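Trainee:
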Amino acid sequence: MSFDILTEAKKVFDTEIQELIRLKENLDESFVKAVEILLSCEGKVITTGVGKSGHIAQKIASTLSSTGTPAHFLHPSEALHGDLGVIDYRDVLLAISNSGESPEVISLIPYVKLLKVPIIAITNRKDSTLAKYADVHIFLNVKKEACPLELAPTSSSTASLLVGDALAMVLLQLRGFTKEDFALRHPAGSLGRRLKVVRELYHTGDEVPIVYEETPMTDVIIEMTSKGFGATAVIDKSGKLVGIITDGDLRRFVKNGGDFNTAKAGDVMTKTPKTAKANELAAEALKRMEDHKITVLIVIDDEGKPEGIIHMHDILKAGVL
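In numbering that gives the first Met the number 0, the protein residues as written are 0 to 320.
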């Protein structure tokens, strides 16, 4: 008997994809109710499960926590030996069990019901004990595991994970969760560096080169030289940004016959310069620089006034890429 590795691997893909499609097509109001309960939760989401379902529950808790919904995984066996105290009356229990009959998970129900904590169950059996006592039951509707022995949880565990991801992503949007919020929850490692915001890297105060439209160009050049960014912000009398002067603007002005002795900043500046906001991702600011082939951005506040300046080198030095 010949055994083709890739063929068998693709069978696993096909089986799980088909089951996920069925799950998608049969998703109903129970999912909506689950989202509503989670959105109104004043405490945290307690996820639980044993075996493969336990691993999935841990991943779901991690995803929820990192996307704006506080969550904690509770191992049901440990819960029976003291860890039940982690559950508060303001919480929601998200219980995962393929059969809906896992003894360790079922044993939590009386205590959770006593606290009047809502239970959201994810199972593959509508008539299971867990489904019966849950406030909301999300039915996986998995007909076939990808395991050729029909023993190892495969399609069902993937389906449970997908439901958890869907819950987290819908909640993320309903909460108005932003990239900046995500960055605050991932301060370490390469991910944290990529999620740094401009405010963490920009220059402020006396470091920022600023001149008025009426400033003589001889003084503009002194400001640019002393601050060392190769550019300066140009503001009007109200303090709002109206332009920028860069080394390139100086060269173009001279090439076109301009005279620095008589010119003012407003005569040389580039109007409507590219800018950044302090709370945007530094990676986004860097892309704007690359797209427009510039090396600095003036950082403006909500009133359009300069509050800082950021150079491409500041972002690259921070290891944002």
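Note that beta-carbon positions come from the ideal geometry of N, C-alpha and C, so glycine has one too. A quick note: this is a predicted structure, and the numbers were derived from the prediction, not measured.
Which residues share a DSSP beta bridge with residue 274?
Mentor: In the sequence shown, counting from the first residue as 1, residue 274 sits at position 275. Its beta-bridge partners are 297.
Trainee: Could you check the C-alpha separation between residue 29 and residue 153 for me, to the nearest Å?
Mentor: Position 30 of the sequence shown holds residue 29. Position 154 of the sequence shown holds residue 153. When rounded, the distance between both Cα atoms is 23 Å.
Trainee: What's the C-alpha gap between residue 65 and residue 10?
Mentor: Translated into positions along the sequence shown, residue 65 becomes position 66. Translated into positions along the sequence shown, residue 10 becomes position 11. If I take the Cα positions, the gap works out to 33 Å.
Trainee: Roughly how many whole angstroms lie between the Cα atoms of residue 164 and residue 63?
Mentor: Mapped onto the sequence shown, residue 164 falls at position 165. Mapped onto the sequence shown, residue 63 falls at position 64. The straight-line gap from Cα to Cα measures roughly 8 Å.
Trainee: Within the chosen definition, does the stretch 106-124 reach the stretch 3-21 through at least 3 CB pairs nearer than 8 Å?
Mentor: Verdict: no, contact absent.
Trainee: So residue 242 packs on residue 233, CB below 8 Å; how close in whole Å?
Mentor: The residue labelled residue 242 in the question sits at position 243 within the sequence shown. The residue labelled residue 233 in the question sits at position 234 within the sequence shown. Contact holds; Cβ gap of about 4 Å.
Trainee: Roughly how many whole angstroms lie between the Cα atoms of residue 15 and residue 24?
Mentor: Reading the sequence shown from its first residue, position 16 is the one you call residue 15. Reading the sequence shown from its first residue, position 25 is the one you call residue 24. Rounded to whole angstroms, residue 15 to residue 24 spans 14 Å at the Cα level.
Trainee: What did DSSP end up calling residue 177 once you bin it into helix, strand or coil?
Mentor: By 1-based counting over the sequence shown, the position of residue 177 is 178. Reduced to three states, the DSSP call for residue 177 is coil.
Trainee: Grab the span of the alpha helix (DSSP H) containing residue 220 for me, first residue to last.
Mentor: By one-based count along the sequence shown, residue 220 stands at place 221. Run containing residue 220: 216-226, per the alpha helix (DSSP H) assignment.
Trainee: Going along the chain, which residues of its own chain have a beta-carbon closer than 6 Å to the beta-carbon of residue 21, five neighbours each way excluded?
Mentor: As a working mapping, residue 21 is identified with position 22 in the sequence shown. Result list for residue 21: 140, in chain order.
Trainee: To the nearest angstrom, how far is the alpha carbon of residue 283 from that of residue 236?
Mentor: Position 284 of the sequence shown holds residue 283. Position 237 of the sequence shown holds residue 236. Cα to Cα, the separation comes out at about 30 Å.
Trainee: Under 8 Å, do residue 220 and residue 176 count as touching if we go by C-beta distance?
Mentor: The count along the sequence shown starts at 1 and reaches residue 220 at position 221. The count along the sequence shown starts at 1 and reaches residue 176 at position 177. No. Outside cutoff.
Trainee: Pick out whichever of 94, 143, 68, 1 has its Cα sitting closest to the Cα of residue 137.
Mentor: Numbered from its first residue, the sequence shown carries residue 137 at position 138. Checked all of 94, 143, 68, 1; the closest Cα to residue 137 is 94.
Trainee: Secondary structure at residue 204, three-state DSSP: helix, strand or coil?
Mentor: Locating residue 204 in the sequence shown gives position 205, counting from the first residue. Reduced to three states, the DSSP call for residue 204 is helix.
Trainee: Let's see if you can read the secondary structure: which residues bound the beta strand (DSSP E) around residue 291?
Mentor: Taking the first residue of the sequence shown as 1, we reach residue 291 at position 292. Looking at the DSSP string, residue 291 is not in any beta strand (DSSP E); the run it does join, the alpha helix (DSSP H), is 281-291.
Trainee: Please determine if the stretch 308-318 and the stretch 274-293 are in contact, where contact requires at least 3 C-beta pairs separated by less than 8 Å.
Mentor: Touching, yes, given that three or more Cβ pairs across the two stretches are closer than 8 Å.
Trainee: Give me the residue from 250, 196, 292, 248 with the minimum Cα distance to residue 313.
Mentor: The count along the sequence shown starts at 1 and reaches residue 313 at position 314. When only C-alpha atoms are compared, the closest one is 196.
Trainee: Enumerate in chain order the residues of its own chain whose CB-to-CB distance from residue 121 is below 6 Å, with the five nearest sequence positions on each side excluded.
Mentor: One-based indexing of the sequence shown puts residue 121 at position 122. Answer for residue 121: 95, 137, 159, 162, listed in chain order.
Trainee: Can you tell me whether residue 238 is buried or exposed, with buried defined as 16 or more other CB within 10 angstroms of its CB?
Mentor: If you number the sequence shown from 1, residue 238 lands on position 239. Exposed.
Trainee: Could you check whether residue 99 and residue 127 sit closer than 8 Å to each other, using their CB atoms as the reference points?
Mentor: As a working note, residue 127 is residue 128 in the sequence shown. As a working note, residue 99 is residue 100 in the sequence shown. Yes. Within cutoff.
Trainee: Enumerated in chain order, which unbroken segments of the alpha helix (DSSP H) with a length of 4 residues or greater are wholly contained in the stretch 24-74?
Mentor: Within the stretch 24-74, the complete alpha helix (DSSP H) runs of at least 4 residues are 28-38, 50-65.
Trainee: Buried or exposed: residue 201, going by 16 or more other Cβ atoms within 10 Å of its Cβ?
Mentor: Numbered from its first residue, the sequence shown carries residue 201 at position 202. So residue 201 ends up on the buried side.
Trainee: Following the continuous beta strand (DSSP E) through residue 138, name the residue where it begins and the one where it ends.
Mentor: Reading the sequence shown from its first residue, position 139 is the one you call residue 138. Run containing residue 138: 135-138, per the beta strand (DSSP E) assignment.
Trainee: Using three-state DSSP, classify residue 319 as helix, strand or coil.
Mentor: Start at 1 with the first residue of the sequence shown, and residue 319 comes out as number 320. DSSP places residue 319 in coil when its eight states are reduced to three.
Trainee: What's the C-alpha gap between residue 88 and residue 117?
Mentor: On the sequence shown, position 89 is the one that residue 88 refers to. On the sequence shown, position 118 is the one that residue 117 refers to. Near 9 Å, if we compare the C-alpha coordinates of residue 117 and residue 88.
Trainee: Grouping DSSP H, G and I as helix and E and B as strand, with all else coil, what is residue 211?
Mentor: Position 212 of the sequence shown, counting from 1, holds the residue named residue 211. Three-state result, residue 211: strand.
Trainee: According to DSSP, residue 233 sits in a beta bridge with which residue or residues?
Mentor: The residue you call residue 233 lines up with position 234 of the sequence shown. DSSP, once it has assigned bridges, lists 210, 242 as partnering residue 233.
Trainee: Do residue 171 and residue 42 have their CB atoms nearer than 8 Å?
Mentor: Residue numbering aside, residue 171 sits at position 172 when the sequence shown is read from its first letter. Residue numbering aside, residue 42 sits at position 43 when the sequence shown is read from its first letter. It is not a contact, given that the beta carbons lie outside the stated cut-off.
Trainee: Using only CA atoms, which one of 277, 247, 90 lies nearest to residue 292?
Mentor: Position 293 of the sequence shown, counting from 1, holds the residue named residue 292. The shortest C-alpha separation from residue 292 is found at 247.
Trainee: Nearest-angstrom Cα distance between residue 18 and residue 298?
Mentor: Residue mapping note: residue 18 aligns to position 19 of the sequence shown, counting from 1. Residue mapping note: residue 298 aligns to position 299 of the sequence shown, counting from 1. Those two C-alpha atoms are separated by around 49 Å.
Trainee: Rounded to whole angstroms, how far is the Cβ of residue 90 from the Cβ of residue 44, which I believe are closer than 8 Å?
Mentor: Indexing the sequence shown from 1 puts residue 90 at position 91. Indexing the sequence shown from 1 puts residue 44 at position 45. That belief holds up - the Cβ atoms of residue 90 and residue 44 are roughly 7 Å apart, short of 8 Å.
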